[in-house]
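Presented below is the structure to which this report refers.
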């Protein structure tokens, strides 16, 4: 039976004013009206005033449930929706709805119950199944299930429900948007470029159907940010094409900022993310992105300021990264313990990401020289990975970190066995030289920065220099647009080894999990000469004018005038003496001057040049 509150509403007919003033559910009503036919809503003749009052109460309960759901007040939403179901079932005759309309209305209410219970996946699916029992062609429910499956990383099942919705009604644009979102998530989880192509396909269709639809355009922009095929200039041109449509959309601005981070343009990334923050100060992804930018600029206090107000595991993981940069291991340790405890107590999505938290905890413990506990954390992460193929690519990295921890604790025998195990598993890394070093003598850590007076360099087989030209694997480097990752480390004879690899092979892989002296990127022109180089992943980030970089340049024979450092950006920011308010004001000005202006980026950079 429905509640006493509903009974009083029926008797008094007094619907609160908040119902008539609420427009929170207008999109849902639009969805419902889109999916029903005129024949569905014919009512039996002779409806009395009492019937009209009951229908008004029913619509009030339904819409208030949706309003609370939209505002993420889920317990209140569920109460109103359950009252609506009780009223609909108990007053079926008086309501005088056709059987078709009755079933569809009931289906929509159960769908909203599912959407209000999304943090409890099993319960949500029960409501969705009930919704489909009353109306199996409810494309609103089918889309909701598809989104739920995506959030649970059950991508194949999600595609099944979304394509079923698309078969029922091709014109329903939400299905195209949800398919493009799902394929983006599937690409991120697997790295399969076919899924990115499918995301492009469905987001393009959604834009063609509605050129002003924000979500479809956002998915298209996101896919472009993830795609590695087009050149950066082509990508940027394509992304900025949507600036007018999405200039007030904080998600777009954050993602555009993220695109600039990927292309090492931290200044532009900073401005766009600050624009995003101006529009919505509570969007967590903008906080995380800004924290990352400031951390890369070595403004760790600023980086923390964007994270501390957010009380969730992801924020705590990012906080630990900032503390690790400053070698504040105790603070990092506290953050990670709190995050892991928070995850274990919840049923949220972060539960499946525990391997990353254990990895961060292991790095923290290693920094504190507590190696046994660090190794235990890494083994726990590996155990979780065995249960989830999503993290298969992380497995080898964790094995390498275990070997590294064993070497740090001088357990060379087990370190050798671990390296052999990794090698025998078919690792893409070459561990032969590291094994040889371990078997012939005591392992040595990287020599400190003050030992730069080395006059002998031993190059790996990957990179050699002959007649003033650099060669890679015996071939002259002739692709000036290609960027390579490199690491430089000292061997047991205190000679510097340089190892070069494709940009898709990270520094951990090139270093075989060990410590390095320098790590960054370099590119060559078609004459085999260094075009530019940096030390973005190293332990220090000096400007090109520093004596330190000059000595490195001489040692490595890399041109000092082509060295690029984030410290340059930091220096320019410090010289400008910009406060947070200054930059926010600049972001506002940028927004104004860029209206109808194709040269948005040039106008952005004028503030810094």
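Residue numbers (the numbering used here): 1 to 609.
Glycine included, each C-beta is placed from N, C-alpha and C at the ideal position.
Everything numeric in this text was worked out from a predicted model, so none of it was measured.
Here the alpha carbons of residue 177 and residue 82 stand approximately 30 Å from one another.
In the structure shown, the three-state DSSP call for residue 519 is strand.
In the three-state DSSP reduction, residue 292 falls in the helix class (H, G or I). In the three-state reduction of the DSSP assignment, residue 166 falls in the helix class. Scanning its chain for C-beta atoms nearer than 6 Å, with the 5 sequence neighbours on each side dropped, one finds around residue 186 the residues 155 and 195, in chain order. The three-state secondary structure of residue 533, taken from DSSP, is strand.
Runs of beta strand (DSSP E) with 3 or more residues, each lying fully within the stretch 123-172, are absent. Setting aside the 5 residues that flank it on each side, residue 373 is surrounded in the same chain by 365, each with a C-beta closer than 6 Å to its C-beta; the list follows chain order.
In this structure, residue 85 lies away from residue 117, with their beta-carbon atoms at least 9 Å apart. According to DSSP, residue 500 shares a beta bridge with 486. Our two residues, residue 343 and residue 312, have alpha carbons roughly 9 Å apart in a direct line. By the neighbour-count criterion, in which 16 or more other beta carbons inside 10 Å mark a residue as buried, residue 327 falls on the exposed side. A distance below 8 Å between beta-carbons, with the five flanking residues on each side excluded, links residue 375 to the following residues of its chain, in chain order: 362, 402, 405 and 406. The continuous alpha helix (DSSP H) containing residue 279 extends over residues 266-279. Secondary structure of residue 412 (DSSP, three-state): helix. Contact holds between the stretch 133-142 and the stretch 104-117, because three or more Cβ pairs, one in each stretch, are under 8 Å apart.
Assignment of residue 195 by DSSP, reduced to helix, strand and coil, places it in the helix class. Counting C-beta atoms within 10 angstroms of its own C-beta, residue 71 has fewer than 16 neighbours from the protein chains shown and is therefore classed as exposed. For residue 126, the closest alpha carbon among the candidates 560, 409 and 145 is that of 145. Restricting attention to 212, 193 and 179, the CA atom closest to the CA of residue 203 is found in 179.
Take the alpha-carbon of residue 137 and the one of residue 535: they are about 57 Å apart. A residue is called buried once 16 or more other Cβ atoms fall within 10 Å of its Cβ, and residue 485 is buried on that count. Taking C-beta atoms as the reference points, residue 318 and residue 276 fail to come closer than 9 Å. Straight-line measurement puts the Cα of residue 197 at about 20 Å from the Cα of residue 214. For residue 558, the three-state secondary structure derived from DSSP is coil. Residue pairing by DSSP places residue 563 opposite 533 in a beta bridge.
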